[in-house]
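Let me begin by presenting the structure, written as structure tokens, before commenting on it.
In my numbering, the protein residues as written are 433 to 819.
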């Protein structure tokens, strides 16, 4: 099998020739620091892992008057284009007096200016000031925020170039500037997770209204993906994990909205992986009940999650493909190659039976020992089904 066939076979919950092994999103910091600025294609070739190309190809709805605005490279999160309109203009300014480099994003609408502040270290970017500060401001998002359409032609070109080397993975679009795929996850980014949780008790009707606005936007984006040559799209987010919220909140405020997105993705012919970095065991069946084709990241307790990979396989392995499960903090650095290889074998023993398992670090990594990645990849190649 080539890598594409291997990964797709696992996504269909069948046995491939061997255990598919890949990684979660590659961080520029890691590639620059440890791989001499190597690109993602070079990374997969270097280690012999099964390639995943992450694609984010979008376009504005020009018929609605939307257009691209390029954010200057010097801004945090800059050097990118965002979809804007005359009623949703983005202005940026540096923020002084902060420990790390920070940028204020002002979104100018006819009614009010919304603002968000991003900060970055050399490794990552995060939000320090939330966009939605007053409950009434969600109406501005509904009225003025431009939509996001899928650029089918750009994805088609990448699919042709990828061929059998691997798969293309997209995502349900997050909110512009800084957002993530899930409805609850996007709301948490825009309003703050602690405040959002409190509002589920104090003003649940407003939370439902907020989630409904975000859901409608995401449904339109996913509908525009019909015909896209994407093998998988990412949905969800860590703020929907049971490290953060209860199963009751998940059932009332996450599943109804994110589940509808999954249904729409299936309607247009796309497979979905639901991402939940953090604890999952208390909500495994609730996630699977939404109907995703795959789930991730199955973070072990040694890395801050709570996954028992063997139990997870028993409970939901006949319903979804399992992606992740590997402790990258303890077995891609600070250990011997033999320990890394044993960790790979444990994952295979716990979740590999019958296929439907893609070995991967359970989320991003910033620092890693190159030789341990090599051992990770090599040992995965020895975990075979066709013997």
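Note that the Cβ used here is the ideal one computed from N, Cα and C, for glycine as well.
Assess contact between the segment 731–740 and the segment 754–761, defined as three or more Cβ pairs (one per stretch) separated by less than 8 Å. Is contact present?
yes
Take the Cβ of residue 636 as the centre, count every other Cβ of all protein chains shown within 10 Å, and call the residue buried at 16 or more, exposed below.
Indexing the chain shown from 1 puts residue 636 at position 204. Residue 636 should be labelled exposed.
Opposing strand residues paired with residue 704 [DSSP bridges]:
Numbered from 1 along the chain shown, position 272 holds the residue referred to as residue 704. Answer is 665, bridged to residue 704.
According to DSSP, simplified to helix, strand and coil, what is residue 537?
Counting from one through the chain shown, the residue named residue 537 turns up at place 105. It is a strand residue.
First through last residue of the beta strand (DSSP E) which encompasses residue 513
Walking along the chain shown from the start, residue 513 turns up at place 81. Per DSSP, residue 513 belongs to the beta strand (DSSP E) from 513–516.
Rounded to whole angstroms, what is the Cα-Cα separation between residue 574 and residue 522?
Taking the chain shown and counting its residues from 1, the one referred to as residue 574 is at position 142. Taking the chain shown and counting its residues from 1, the one referred to as residue 522 is at position 90. So the alpha carbons of these two residues sit roughly 17 Å apart.
Here's the rule: buried if 16 or more other CB atoms are within 10 angstroms of the residue's CB, otherwise exposed. What is residue 441?
Stepping through the chain shown from its first residue, residue 441 is reached at position 9. Buried, since its Cβ has 16 or more Cβ neighbours within 10 Å.
Can you tell me which of the three DSSP states residue 774 falls into?
If you number the chain shown from 1, residue 774 lands on position 342. Residue state, collapsed to three classes: helix.
Give every residue of the same chain whose Cβ lies closer than 8 Å to the Cβ of residue 667, excluding the five residues on either side of it in the sequence, and list them in chain order.
The sequence position of residue 667 within the chain shown is 235, counting from 1. Around residue 667: 603, 604, 613, 614, 690, 693, 694, 697, 704, 705, 706, 707, 724.
Is there contact here, the segment 483–492 with the segment 806–819, by at least three beta-carbon pairs under 8 Å?
no
What's the call for residue 633, buried or exposed, on a 16-neighbour Cβ count within 10 Å?
The residue you call residue 633 lines up with position 201 of the chain shown. It is exposed - the Cβ of residue 633 has fewer than 16 other Cβ atoms within 10 Å.
Among 600, 682, 641, 495, which residue has its Cα nearest to the Cα of residue 661?
Within the chain shown, residue 661 is the residue found at index 229, counting from 1. The candidate whose alpha carbon is nearest that of residue 661 is 600.
With respect to the beta strand (DSSP E) encompassing residue 791, which residues constitute its N-terminal and C-terminal limits?
Here residue 791 refers to the residue found at position 359 when the chain shown is read from its first residue. Per DSSP, residue 791 belongs to the beta strand (DSSP E) from 789–793.
Would the beta-carbon of residue 719 fall within 8 Å of that of residue 713?
The count along the chain shown starts at 1 and reaches residue 719 at position 287. The count along the chain shown starts at 1 and reaches residue 713 at position 281. No; because the gap between Cβ atoms is not below 8 Å, this pair is not in contact.
Proximity winner among 475, 438, 517, 469, relative to residue 456 (alpha-carbon distances)
Taking the chain shown and counting its residues from 1, one reaches residue 456 at position 24. Comparing Cα positions, the closest option is 475.
Ignoring anything shorter than 4 residues or poking outside the segment 693–777, list the alpha helix (DSSP H) runs there in chain order.
716–721, 741–748, 760–763
Could you tell me the distance, in whole angstroms, from the CA atom of residue 744 to the CA atom of residue 665?
Within the chain shown, numbered from 1, the residue matching residue 744 stands at position 312. Within the chain shown, numbered from 1, the residue matching residue 665 stands at position 233. About 22 Å.
Can you tell me whether residue 550 is buried or exposed, with buried defined as 16 or more other CB within 10 angstroms of its CB?
Translated into positions along the chain shown, residue 550 becomes position 118. It counts as buried.
What first and last residue would you give for the beta strand (DSSP E) that runs through residue 499?
On the chain shown, residue 499 is found 67 positions in, with the first residue counted as 1. Here the beta strand (DSSP E) through residue 499 covers 499–502.
Contact check, residue 451 vs residue 789 under 8 Å by CB: the rounded distance?
Start at 1 with the first residue of the chain shown, and residue 451 comes out as number 19. Start at 1 with the first residue of the chain shown, and residue 789 comes out as number 357. Between residue 789 and residue 451 the Cβ distance is about 7 Å, and since that is below 8 Å, they are a contact.
Verify whether the separation of the beta carbon atoms of residue 535 and residue 509 is less than 8 Å.
Residue mapping note: residue 535 aligns to position 103 of the chain shown, counting from 1. Residue mapping note: residue 509 aligns to position 77 of the chain shown, counting from 1. A contact, by the Cβ cut-off of 8 Å.
Those runs of the alpha helix (DSSP H) which lie wholly inside the segment 522–607 and span at least 4 residues
570–576, 584–594
Quick one: what's got a C-beta closer than 7 Å to residue 458's C-beta in the same chain, skipping five residues either side?
Position 26 of the chain shown holds residue 458. Correct list, in chain order: 472, 475.
Return the first residue and the last residue of the beta strand (DSSP E) that residue 484 is part of.
Along the chain shown, one-based indexing puts residue 484 at 52. Per DSSP, residue 484 belongs to the beta strand (DSSP E) from 484–486.
Rounded C-alpha distance that separates residue 544 from residue 567:
Counted from its first residue, the chain shown places residue 544 at position 112. Counted from its first residue, the chain shown places residue 567 at position 135. C-alpha separation (whole angstroms): 13 Å.
Own chain, CB closer than 6 Å to residue 565, minus 5 neighbours either side, in chain order
As a position in the chain shown, residue 565 is number 133, starting the count at 1. If we look at residue 565 and ignore the five residues flanking it on each side, it has no Cβ neighbours.
Please determine, among 752, 710, 623, the residue with the shortest C-alpha to C-alpha distance to residue 446.
Locating residue 446 in the chain shown gives position 14, where the first residue counts as 1. Considering only alpha carbons, the answer is 752.
Is residue 612 helix, strand or coil when you go by DSSP?
As a position in the chain shown, residue 612 is number 180, starting the count at 1. It is coil, neither helix nor strand.
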